[in-house]
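Q: Here it is: the structure, laid out below.
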Amino acid sequence: MSAILEVHDLTKDYRLRGGLRRPVLRAVDQVSFTLTEGRTLALVGESGSGKSTIARILARLEKPTAGRVVLRAPDGTQVPGRFYRDYVQMVFQDPFASLNPFHTIAHHIARPLRLHGRARDRAQTALLVDQLLERVSLAEPALARRRPHELSGGQRQRVAIARALAPGARVVVADEPVSMLDVSIRLDVLKLLARLQREENLAVLYITHDLATARHFSDEILVLYRGRVVERGPADEVILAPRHPYTKLLAAASPDPLARGRAEQIGAEDEIDAASAATAYDHYTGRWTGLQAG
Amino acid sequence: MTNLNADLAAPRPRSGRRVLPRWSPKLAIGVGIIVVIGLWGLAGPVLVGDPDAIRDIGLTAPSGSHLLGTTQTGQDVLAQLAYATRGSLSIGVLVGIMATLLSALFGIVGSYVGGLVDEAFSLLSNLMLVIPGLPLVIVISAFVPASARGSWTIAVVLAITGWAGSARVLRAQTLSLRNRDYIQAARVAGEKRWRVIGVELLPNLLPLLASQFVFTVIGAILSETGLSFLGLGAANSATLGTMLNYAQNGFALQRGAWWWFVPPGLIIALFGCGLALVNFSIDEIINPRLRDIPRRERGNRRREPRPAERLDDGAVLDDGAVLDNGAVLTVRHLSVTYRTENPVHAVRDVSLVLRRGEILGLVGESGCGKTTLAYAINRLHRPPAEVTSGSITLHDRDGDDLDVLAFDRDELRAFRWDRLSMVFQGAMNALNPVLTIRAQLDDVLTTHRPAMSRGERHERCAEALRLVGVDPRRLKAYPHELSGGMRQRVMIAMALLLEPQVVLLDEPTTALDVVVQRGILRELLRLRTALGFAVLFITHDLPLMLEVSDRIAVMRDGRIVEEATAEQIAAEPRHPYTRHLLDSFPSLLGERGAFIRAGEDERGEAARPPAAAPDGGIAAEEVR
């Protein structure tokens, strides 16, 4: 197992419009992590924690203010920028918005195949499109000729996954890939992602606000709070033995079918004080960083 | 946000956009007029004689040899009309094409590229907008010597003055489309910029472009007519405007020669009318909501209130439900249908009993009819939705049984909010941004409690905020000064303001973070104990319901498939769908299981439990 995507001290500032001083909002603050082949890293956090910004930076939809993203080819050399998208692809959150209503399903998969030189002629493209659809369990005949609105949410998200795989990606950034789907099909889509990851030895960045799927679906979890990583560690350790107050709060607030009747017991604390927000716990080293919070 | 409105079967404009307008009488008439006039302009000149042939018969009324009479120089009006129609149409289409290209360049490319280019382009189009069109056209035309003033010159001048409005419309639309995920996805896939614009963006702008094109053609024909009428038109050209100009100069009006000026006027009016009709149909593609013009409410006829039979507590009704005198709301055999082309039975034969002070969780996925049910209970459903059968009874605090479906307007007003209130999905965005929190809470009291004094109202508003855990000092705040969770609390305070007996909560916390959600639920449970209202809690989140509710009803495809206490649902769910829903939520702290990572039991969606009717989401979309 070798590191294939290294993220070093990623920082992103947004300049807020208006006012003479043009205040700066730090959406992502010195976040570092490594994506490895065959492993899933979950970024967990609530809205405004910066997790989607990180996804957009990794997908090259935004430029970071500071920090580096290093992509390594299998031989360990750094991949030059113009080939970046051959390796890193993204699955968007809302399958109702991420497919172009005007185009057929085939178009969505054929374009990346052509763009990344995976298919040369029409016949080969059609063949590969069918193969990819089959891989995401969408082997219905004539599905490729249909348009997005004729598909259910789950089917659309499968198409979006096929599109991400089309360029032969080694790294898949999945930004809340199931939060817009009906609950009864969420697991199917996650299982599909897990199977593809196994089969292709992909590195997956799974971005979510849902601790339960983060724990079951990933190997490693990074908890983000206001743009900073406050806790990192193996998935089970972070969820079952959280150390940072924010992770504890998140875990306590998440609904759990086994925790019936718990609702009234949870304490009234909704906020994390500034001092502990500035700390972070690393399960690998067993050390706190930042100001000590106990 | 998943099923925002999906239950309501509201049109989702982003899904399933049509490329061609739907055939309708409006469109048929519009296309008919355009085709007839277009054919006349194309073929007419071939059929009629020389329009310039001067005869010495002077001004004559329509007759057998000259169907539309002659001008004062004896020229055949019909022949002139044919050539003039051709002239006007070709200028109109020419200008339409040029102006649309210009507006697409400045509107679409500018806003997609963004930055300085966009600033410059939109500055230019705004400048062009404030320059009054016709005077500019007159000035420009006057500068060009009459001899060089051909049809092309006029067309170019009209195009230059006519594109700016369309460019602004296109820019606005492009700005919204360029941030859509499918555009971003195309960028991630590595598409070149011009391809993103041309292949991904442009097709979705086609309806708008078509509509702007039609609009520009009408404008161009009218402007050209105005110019020619003033004698500033193209030299040696024959258009409807020049015809009117000659008619004016020949004193046609004063001499009562209606056949000279009425036909060109009529053609302009009809053509404009036809294009406008076509534009209506194109607008319907852009905004599908226009298509379903609500039919008149048929449920207006007043139903006689049926006093619900008073049965003994525990009596078994015909449907097997157990009558409960502790009930505050009884829904029996309720069916709601969307009367569209393919009627959708959103709620089918639903019976529910809500007891005083209990929390009943109504759990289901998008399109299962849960929101439609809530709207029907509140009588908020609007055509095409219609209650086709069943009854809704509110067992009032003072012992009366009220037939909700039989309420007239005033009774409904007294019923809503006073006895039964509702917190809508995404309600925190339903606060009026220009009014303070106090003004909005106060409004409820002035409407429903006119007898209260100002001081009492203020006291009540402050108390309501305290109840939901918001500092009463926030009464002075405007909605944007509050966080999402705080706004949702204010909405709950508003729902509790009149101490209703029933509160309907429709996914009240779905759009909120879990920590905020937890806080709001905690308040809700506390208030329920303190105030004793009953809650119908609608959500897709079964684990959440297991934690907070007393009983749970699981809804699917319009039916309640299982209803039991939360303990029973958790311990031994009977319906396979309930089991499937439960299995869909991995436990946070429980066994990891072979569950996801092993992936061996990966099931396709086809393997969903029995009675898998077409996907609910699709059914809801078909309602459009």
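Chains A and B are the protein sequences, given in the same order. FYI, the numbering for the first sequence is 1 to 294, going by this note's numbering. FYI, the numbering for the second sequence is 295 to 918, going by this note's numbering. For each residue, glycine too, the CB sits at the ideal point set by N, CA and C.
How would you write the range of the beta strand (DSSP E) that Leu806 of chain B sits in, first residue to last?
A: Element bounds for Leu806 of chain B: n/a, residue is neither H nor E.
Q: In the structure shown, what three-state DSSP assignment does Met180 of chain A receive?
A: Of the three classes helix, strand and coil, the one that applies to Met180 of chain A here is coil, per DSSP.
Q: Taking beta-carbon pairs under 7 Å, can you tell me which members of the region 450-482 of chain B lie near chain A?
A: Per Cβ criterion, the list reads Arg474, Asp475, Tyr476, Gln478, Ala479, Arg481, Val482.
Q: Where does the unbroken alpha helix (DSSP H) through Arg707 of chain B begin, and where does it stop?
A: That run of the alpha helix (DSSP H) goes 703-709.
Q: Thinking His627 of chain B and Ser683 of chain B are a contact (beta carbons under 8 Å), I'd like their distance in whole angstroms, please.
A: With a Cβ gap of about 6 Å, His627 of chain B and Ser683 of chain B count as contacting.
Q: Using only CA atoms, which one of B:Leu495, B:Asp765, B:Leu776 lies nearest to Ile402 of chain B?
A: With distances taken between Cα atoms, Ile402 of chain B lies closest to B:Leu495.
Q: Report the neighbours of Asp130 of chain A on chain B: residues whose CB is nearer than 7 Å to its CB, in chain order.
A: What Asp130 of chain A touches in chain B: nothing, since even the nearest Cβ is about 17 Å away.
Q: My parser needs the alpha helix (DSSP H) runs of 4 or more residues fully inside the region 177-236 of chain A; what are they?
A: List check, alpha helix (DSSP H) in window: 183-200, 211-217.
Q: Just tell me which of A:Phe96, A:Ile109, A:Leu222 has its CA closest to the CA of His283 of chain A.
A: Nearest option by C-alpha distance: A:Leu222.
Q: How many Å lie between Met839 of chain B and Ile863 of chain B at the Cα?
A: The straight-line gap from Cα to Cα measures roughly 10 Å.
Q: Rounded to the nearest angstrom, what separates Arg873 of chain B and Asp835 of chain B at their Cα positions?
A: Rounded to whole angstroms, Arg873 of chain B to Asp835 of chain B spans 14 Å at the Cα level.
Q: Run through chain A and tell me which residues come within less than 8 Å of Val809 of chain B, C-beta to C-beta.
A: The answer, in chain order, is Glu46, Leu249, Leu250, Ala253, Asp270.
Q: If you drop the 5 nearest sequence neighbours on each side, which residues of the same chain put their C-beta closer than 6 Å to that of Arg311 of chain B?
A: Bear in mind that the predicted position of Arg311 of chain B carries a pLDDT of just 47, short of 50, making it too unreliable to give a figure here.
Q: What do you reckon, are the CB atoms on Ile239 of chain A and Leu882 of chain B nearer than 8 Å?
A: Yes, these two residues count as a Cβ contact at 8 Å.
Q: Give the residues from the region 837-849 of chain B that approach chain A closer than 9 Å (Cβ to any Cβ), ordered along the chain.
A: For the region 837-849 of chain B, which is checked against every Cβ of chain A, the residues closer than 9 Å are Pro837, Leu838, Met839, Leu840, Glu841, Val842.
Q: Residues of chain A with CB under 8 Å from Leu875 of chain B, in chain order?
A: Per Cβ cutoff of 8 Å: Val183, Ser184.
Q: Closest to Gly779 of chain B by CA distance: which of B:Val572, B:Val809, B:Arg380 is it?
A: Looking at the Cα atoms, B:Val809 is the closest of the given residues.
Q: Roughly how many angstroms separate the alpha carbons of Arg472 of chain B and Ala480 of chain B, rounded to a whole number?
A: Approximately 11 Å between the Cα atoms of the pair.
Q: Would a C-beta distance cut-off of 8 Å place Ala66 of chain A and Asp121 of chain A closer than the cut-off?
A: No, Cβ-Cβ distance for Ala66 of chain A and Asp121 of chain A is not below 8 Å.
Q: With distances taken from CA atoms, which of A:Pro101, A:Arg195, A:Ala42 is nearest Pro497 of chain B?
A: Closest by alpha carbon: A:Pro101.
Q: According to the Cβ coordinates, are Ala546 of chain B and Leu452 of chain B closer than 8 Å?
A: Result no, Cβ atoms of Ala546 of chain B and Leu452 of chain B do not sit closer than 8 Å.
Q: Taking DSSP's pairing of strands, which residues face Thr36 of chain A in a bridge?
A: DSSP lists A:Ala3 as partners of Thr36 of chain A.
Q: Taking a contact to mean a Cβ-Cβ separation below 8 Å, would you say Val947 of chain B touches Val681 of chain B in this structure?
A: The structure shown does not extend to residue 947 of chain B, since chain B spans only 295 to 918, so no value can be given for it.
Q: Taking only the alpha-carbon atoms, compute the straight-line gap between Glu856 of chain B and Arg850 of chain B and give it to the nearest angstrom.
A: Each residue's alpha carbon lies about 9 Å from the other.
Q: Leaving aside the five residues before and after Leu761 of chain B along the sequence, list all residues of the same chain whose C-beta is less than 7 Å from its C-beta, in chain order.
A: Same-chain partners within the cutoff: Ala787, Leu790, Leu821.
Q: Counting only Cβ pairs nearer than 7 Å, list the residues of chain A close to Pro497 of chain B.
A: Near Pro497 of chain B (Cβ distances below 7 Å), the residues of chain A are Phe102.
Q: Determine the extent of the alpha helix (DSSP H) in which Ser629 of chain B is found, giving its start and end residues.
A: No alpha helix (DSSP H) holds Ser629 of chain B; the beta strand (DSSP E) holding it covers 621-632.
Q: Can you tell me the Cα-Cα spacing of Arg82 of chain A and Ser460 of chain B, whole angstroms?
A: Cα to Cα, Arg82 of chain A sits roughly 37 Å from Ser460 of chain B.
Q: Compare the C-beta of Phe827 of chain B against all C-beta atoms of chain A and say whether one is closer than 8 Å.
A: No, its Cβ sits nowhere closer than 8 Å to a Cβ of chain A.
Q: Which chain A residues sit within Cβ distance under 8 Å of Pro727 of chain B?
A: Within chain A, no residue comes near Pro727 of chain B; the closest Cβ sits about 17 Å away, beyond 8 Å.
Q: At a CB-CB cut-off below 7 Å, which residues of chain B make contact with Thr213 of chain A?
A: Going along chain B in sequence order, the residues near Thr213 of chain A (Cβ under 7 Å) are Pro880.
Q: Secondary structure at Met849 of chain B, three-state DSSP: helix, strand or coil?
A: Three-state DSSP puts Met849 of chain B in a strand.
Q: From what residue to what residue does the alpha helix (DSSP H) around Gly154 of chain A run?
A: Note, Gly154 of chain A: alpha helix (DSSP H), 153-165.
Q: Could you name each continuous alpha helix (DSSP H) segment of 4 residues or more that falls completely within the region 481-536 of chain B, going from the start of the chain to the end?
A: For the region 481-536 of chain B, whole alpha helix (DSSP H) runs of length 4 or above, ordered along the chain, are 496-523.
Q: Roughly how far, in whole angstroms, is the beta-carbon of Ala528 of chain B from the beta-carbon of Thr447 of chain B, given that I think they are within contact range, below 8 Å?
A: Sure, about 7 Å apart at Cβ, within 8 Å.
Q: Would you please state the rounded distance, in angstroms, between the beta carbons of Thr533 of chain B and Ser435 of chain B? I believe it to be under 8 Å.
A: The pair is not a contact, with the Cβ atoms about 14 Å apart (cut-off 8 Å).
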